[in-house]
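Sequence order for the protein chains is Y and S.
Heads up: take any position in the first sequence, counting from 1, add 8, and you land on the numbering used here.
Heads up: take any position in the second sequence, counting from 1, add 8, and you land on the numbering used here.
Every residue, glycine too, gets a C-beta built ideally from N, C-alpha and C.
Protein chains: 2
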Amino acid sequence: MSRHTRSPSRNAKDAEAGFEIQSDFQRFSQRDDVFRRSWWDARIRSAKSDLFYATYREPLSNWRSTDGFTQKDYALRNAAWQVSDLFTDLKLDADRREGFNDEFTLTRGVADERIDLGTPAETAAEIKRVAKGFGADLVGITDYDERWMYVNKFSDLSLTERPQEIPAEMTNVIVTAQSMDYDLIRTVPSALSGAATGAGYSRDAMVVLSVAQYIQNLGYQAVASMNDTSLAIPFAIRAGLGEYGRHGLLITKEFGPRVRLGKIYTDLPLAHDKPIQFGVKKFCDACQKCSTACPVQAIPNGPPSTERYNQSNIKGVRKWSIDGEKCFGYWTVQNTDCSICIRVCPYNKDFSKWWLRVGRWLAGTPLRRLMLWLDGWLGYGERIDPRRWWSAQG
Amino acid sequence: MSRHTRSPSRNAKDAEAGFEIQSDFQRFSQRDDVFRRSWWDARIRSAKSDLFYATYREPLSNWRSTDGFTQKDYALRNAAWQVSDLFTDLKLDADRREGFNDEFTLTRGVADERIDLGTPAETAAEIKRVAKGFGADLVGITDYDERWMYVNKFSDLSLTERPQEIPAEMTNVIVTAQSMDYDLIRTVPSALSGAATGAGYSRDAMVVLSVAQYIQNLGYQAVASMNDTSLAIPFAIRAGLGEYGRHGLLITKEFGPRVRLGKIYTDLPLAHDKPIQFGVKKFCDACQKCSTACPVQAIPNGPPSTERYNQSNIKGVRKWSIDGEKCFGYWTVQNTDCSICIRVCPYNKDFSKWWLRVGRWLAGTPLRRLMLWLDGWLGYGERIDPRRWWSAQG
């Protein structure tokens with residue numbers, strides 16, 4: 009179990025990715041994830057957290073008359089989660105919640121014969137095209153790095169830890185990103201906006217399952233995974249999908265922080281991508297929009313640090329860390345997932361518009377403070393009324 | 009069970025849709041569908057038909073070296089089917105193949121409280137927007153018509169007939185269409201092109217499940233269905249999705265015959281669409297491209313008739329009917345689904361290009377024969393080399 013130590017240039021690679029790993033680094037265990045803790049840790053679990061989950065999973069009977077939290081808003085949110093939930097619920101009988109606690113089970117096995125797809129660079133190019141054909145919005149490739157794998161998996165059902173099961177031959181990781189709907193995210197906080205989250209996961213599940221099965225059909229091993237098995241963001245950064253933001257989220261060039269991530273571990277020989285920089289680090293240094301907007305002050309307003317709010321932060325990495333307890337606490341009070349930090353992020357834009365691409369370029373230059381001021385002055389990041397979302401669709 | 013007889017204007021509606029129903033009309037039983045017969049009917053079932061199905065469902069071990077039929081082509085095809093297969097296989101233990109023999113089981117029930125979405129026209133507009141948000145390419149709405157429902161369902165597993173289970177309150181049918189990839193279809197015949205079929209179904213399953221669950225979350229009943237429960241094309245024509253073509257397929261204005269259909273039966277009050285005409289009937293009268301191109305002469309070259317090739321044709325409808333036995337026989341010989349009739353159809357175009365929309369308009373005028381000649385002269389409908397598809401992606 010020392011796959012990552014094979015590489016002689018780990019420090020150089022970390023520097024390239026902007027990772028500041030400390031000597032007291034410890035791998036993270038899924039048990040300490042705040043969502044897992046909301047099942048086993050009495051300090052997190054509450055009647056409100058139970059209700060939070062139940063309203064995703066039962067015929068609708070709980071909603072508020074508040075705009076954005078009506079039956080219709082929840083109806084759309086839960087319908088958007090439907091496909092993701094179906095996959096997640098497939099193996100409950102075997103104490104598996106696939107996509108969140110456990111990797112996905114592929115229905116067909118590995119082909120006996122291995123196909124030669126050319127050089128690792130040619131193979132990588134082809135896999136990316138196939139993944140995009142299956143609906144992936146972004147695809148990057150990096151090498152397996154055990155440091156970001158959960159020490160153990162955790163079951164929300166039996167409340168037990170379990171060892172990882174990724175075979176040792178899996179030396180490559182394909183990272184996918186699915187964009188979330190810009191207009192829905194503008195209505196945050198709302199149950200309605202959760203439809204963007206649900207649709208992101210539903211599409212993500214489809215993509216990682218299809219790509220992994222394609223690789224197995226070529227005669228190689230592949231493990232399809234969503235929020236399970238590992239911390240996705242370090243892999244995504246290494247795979248060139250974006251930079252790390254103050255809100256603890258990946259910021260992609262194409263969709264800002266408005267993405268959901270998937271991972272496919274594989275032994276298919278693949279060329280790797282390099283981390284990208286387009287000015288996010290310096291921009292987040294200057295910008296505190298997410299930190300100011302967070303209703304429970306879960307996002308730091310200072311420089312990156314090694315401080316841990318609680319056990320839900322990884323140990324020994326200098327970075328912006330968020331307080332998962334406060335964050336999830338707000339979700340349970342709202343009775344839906346919150347994405348205020350995504351909504352207000354100046355990188356949360358519809359970059360199909362050329363002037364917003366100019367703004368993104370500006371944010372990566374010394375004029376970043378001007379861009380930040382402009383962003384606020386133009387009213388970007390403000391909440392739109394969920395009723396406006398419903399009627400604007402007409 | 010006489011829902012359809014409530015309407016006083018059935019003959020008028022049939023005329024509007026171009027249906028020519030004869031006095032000896034008999035509803036179709038799913039048992040007589042040629043795919044179902046390939047399980048129970050010794051005249052259809054063979055080692056080749058068993059192998060045809062097996063190569064979709066087992067780790068790859070059977071392919072040819074012929075271009076378009078290599079391991080890589082099958083690998084992509086089967087991966088594209090992966091999500092659809094997963095849904096189809098969910099309830100095998102209960103003798104159900106959902107999406108093909110049986111309607112889908114929704115994971116969450118109907119909400120206790122019914123929401124008021126406004127007038128049926130307003131509700132229809134909103135449902136269409138939601139369906140498109142979930143990824144539907146086309147959506148239309150019509151009323152339930154028992155004549156197109158299978159008399160009985162059929163199980164490919166236990167080889168038994170079973171009664172329909174659509175509740176009597178379901179007076180409306182939402183019809184969805186998913187487009188299939190234009191460039192993949194150009195490689196027909198090939199296993200590679202089956203990836204377009206598989207992806208069409210995988211996306212279709214996602215859409216009908218999400219829309220049906222949304223409706224149940226609003227407090228109304230909804231049944232999500234793909235190739236199961238009924239003949240989809242009559243509902244699609246009534247719902248305004250397109251016209252009927254010589255090859256026995258729906259021809260949509262947006263994607264020609266390059267679509268897969270889904271259906272959602274519901275008691276949600278919805279305004280209905282009207283059938284559309286854009287000249288397909290007269291064009292198919294003049295065009296025999298599909299009929300000429302079919303390698304087994306399964307498509308008629310004459311006018312619509314009431315002739316039945318065999319029990320796999322519905323009885324008592326004057327229309328272009330295809331010989332399903334010959335058609336499926338060719339599929340088993342090729343060991344993949346054939347879409348030559350789709351590939352060569354002059355309506356199979358990428359209509360995002362304005363000059364092709366001009367051609368479509370021309371096809372609906374007395375200049376249709378000029379358009380038909382142009383279509384051939386310009387080389388549309390010719391097969392492209394599957395290797396070219398793989399390399400053109402670079």
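### Query
Which word fits Q30 of chain S, buried or exposed, when buried means at least 16 other C-beta atoms lie within 10 angstroms of its C-beta?
Around the beta-carbon of Q30 of chain S, fewer than 16 other beta-carbon atoms lie within 10 Å, marking it exposed.
### Query
Of the residues that make up the stretch 266-291 of chain Y, which ones have a beta carbon closer than 8 Å to any beta carbon in chain S?
If the cut-off is 8 Å between Cβ atoms, the stretch 266-291 of chain Y has nothing near chain S.
### Message
Please give me, in chain order, every unbroken run of the beta strand (DSSP E) with length at least 3 that falls completely inside the stretch 248-316 of chain Y.
### Response
Fully enclosed beta strand (DSSP E) runs of no fewer than 3 residues occupy 250-252, 258-260 and 267-274 of the stretch 248-316 of chain Y, in order along the chain.
### Query
Name the chain S residues whose beta carbon is nearer than 8 Å to that of A119 of chain Y?
Near A119 of chain Y (Cβ distances below 8 Å), the residues of chain S are P67, L68, S69, Q79 and A83.
### Task
Check whether the Cβ of G227 of chain Y lies closer than 9 Å to any Cβ atom in chain S.
Yes - at least one Cβ of chain S is within 9 Å of the one on G227 of chain Y.
### Task
Could you tell me which of Y:V366, Y:T195 and Y:T274 sits nearest to L382 of chain Y, measuring between CA atoms?
Of the candidates Y:V366, Y:T195 and Y:T274, the one whose C-alpha sits nearest the C-alpha of L382 of chain Y is Y:V366.
### Task
Can you tell me which of the three DSSP states E106 of chain S falls into?
Strand.
### Neighbour flag for Q186 of chain Y against chain S, beta carbons, 9 Å
Closer than 9 Å: no.
### Query
The alpha helix (DSSP H) with S92 of chain S in it runs from where to where?
If you look at S92 of chain S, you'll find it in the alpha helix (DSSP H) that goes Q79 to D97.
### Query
Counting contacts by CB-CB distance shorter than 9 Å, is T205 of chain S in contact with chain Y?
No - not a single Cβ of chain Y is within 9 Å of the one on T205 of chain S.
### Query
What is the DSSP secondary structure of S238 of chain S, reduced to helix, strand or coil?
S238 of chain S: strand per DSSP, three-state reduction.
### Query
Closest Cβ-Cβ distance between G402 of chain S and chain Y: below 9 Å?
Reliability fails at G402 of chain S, whose pLDDT of 48 lies under 50, so the model's placement of it is uncertain and the value that follows must be treated cautiously. Contact of G402 of chain S with chain Y is assigned, a C-beta pair being separated by under 9 Å.
### Query
Are there 16 or more other CB atoms within 10 angstroms of the CB of Q305 of chain Y, so buried, or fewer, so exposed?
Counting the other CB atoms within 10 Å of its CB gives Q305 of chain Y a total below 16, which places it among the exposed residues.
### Task
Give a yes or no on whether 9 Å exceeds the smallest Cβ distance from L100 of chain Y to chain S.
No, its Cβ sits nowhere closer than 9 Å to a Cβ of chain S.
### Task
On a CA-only basis, which of S:S360, S:K140 and S:N19 is nearest D153 of chain S? Give me that one, please.
The residue with the shortest Cα to Cα distance from D153 of chain S is S:N19.
### Message
For I123 of chain S, would you say it is in contact with chain Y, using Cβ-to-Cβ distances shorter than 9 Å as the test?
### Response
Residue-level contact check: I123 of chain S touches chain Y, since one or more beta carbons of chain Y fall below 9 Å from its beta carbon.
### Query
For E177 of chain S, which option in S:L114, S:T274 and S:D93 has the closest C-alpha, if you only look at C-alpha atoms?
Comparing Cα-Cα distances from E177 of chain S to each of S:L114, S:T274 and S:D93, the minimum goes to S:T274.
### Query
In terms of residue numbering, what span does the alpha helix (DSSP H) encompassing F162 of chain S cover?
Boundaries around F162 of chain S are those of the beta strand (DSSP E), N160 to F162, since no alpha helix (DSSP H) includes it.
#### Entry: Below-9 Å beta-carbon distance, W398 of chain Y vs any chain S residue
Among the residues facing chain S, W398 of chain Y is included, as its CB has a counterpart in that chain under 9 Å away.
### G387 of chain Y - DSSP class collapsed to helix/strand/coil
Taken through DSSP and simplified to helix, strand or coil, G387 of chain Y comes out as coil.
### Query
For the candidate residues S:W89, S:Y228, S:Y209 and S:P197, whose alpha-carbon lies nearest to that of N180 of chain S?
When only C-alpha atoms are compared, the closest one is S:Y228.
### Task
In the DSSP assignment, find the beta strand (DSSP E) that holds E169 of chain Y and state where it starts and stops.
E169 to P171 is the extent of the beta strand (DSSP E) around E169 of chain Y.
### Query
Smallest Cα separation from T113 of chain S: which of S:R44, S:R377 and S:A220?
Closest in alpha carbon position to T113 of chain S, among S:R44, S:R377 and S:A220, is S:A220.
### Task
Output, in sequence order along the chain, the residues in the stretch 213-227 of chain Y whose CB is closer than 9 Å to any CB in chain S.
For the stretch 213-227 of chain Y, the set of positions with a beta-carbon nearer than 9 Å to some beta-carbon of chain S reads A213, M214, L217, S218, V219, A220, Q221, Y222, I223, Q224, N225, L226 and G227 in chain order.
### Query
What span of residues does the alpha helix (DSSP H) with V341 of chain Y cover, start to end?
Here the alpha helix (DSSP H) through V341 of chain Y covers G332 to Q342.
### Query
Grouping DSSP H, G and I as helix and E and B as strand, with all else coil, what is T13 of chain Y?
Low confidence applies to T13 of chain Y: its pLDDT is 48, below 50, so where it sits in the model is not reliable, and the reading given next is rough at best. Shown here, T13 of chain Y sits in a helix according to DSSP, grouped into three states.
### Query
Closest Cβ-Cβ distance between F95 of chain Y and chain S: below 9 Å?
Contact with chain S is found for F95 of chain Y, since one of that chain's Cβ atoms lies less than 9 Å from the residue's Cβ.
### Task
Return the CA-CA distance between L59 of chain S and V118 of chain S, expressed in angstroms with no decimal places.
Rounded to whole angstroms, the gap between the alpha carbons of L59 of chain S and V118 of chain S is 41 Å.
### Alpha-carbon spacing of Y317 of chain Y relative to C335 of chain Y, whole angstroms
When the Cα atoms are used, Y317 of chain Y and C335 of chain Y turn out to be separated by approximately 12 Å.
### Task
For chain S, find out if any of its Cβ atoms is closer than 9 Å to the Cβ of F60 of chain Y; answer yes or no.
No, F60 of chain Y does not count as interfacial toward chain S.
### Message
Please tell me whether D345 of chain Y and W339 of chain Y are closer than 9 Å, where the distance is taken between their beta carbons.
### Response
Against a cut-off of 9 Å, the Cβ pair of W339 of chain Y and D345 of chain Y comes out as a contact.
### Message
With a threshold of 9 Å between beta carbons, is I392 of chain S in contact with chain Y?
### Response
Output row for I392 of chain S: interface = no.
### Message
Whole angstroms are fine: how far does the CA of V215 of chain Y sit from the CA of G143 of chain Y?
### Response
If you draw a straight line from the Cα of G143 of chain Y to the Cα of V215 of chain Y, it comes to about 6 Å.
### Task
Might you give, ordered along the chain, the residues of its own chain that have their beta carbon closer than 7 Å to the beta carbon of S92 of chain Y, omitting 5 neighbours on each side?
Cβ neighbours of S92 of chain Y beyond the five flanking positions: G107, G206, Y209, S210 and A213.
### Task
Give the DSSP bridge partners of R376 of chain Y, in chain order.
According to DSSP, which records beta bridges pairwise, R376 of chain Y is partnered with nothing at all.
### Task
Report yes or no: is there a C-beta of chain S within less than 9 Å of the C-beta of A88 of chain Y?
Contacts with chain S at 9 Å (Cβ-Cβ) include A88 of chain Y.
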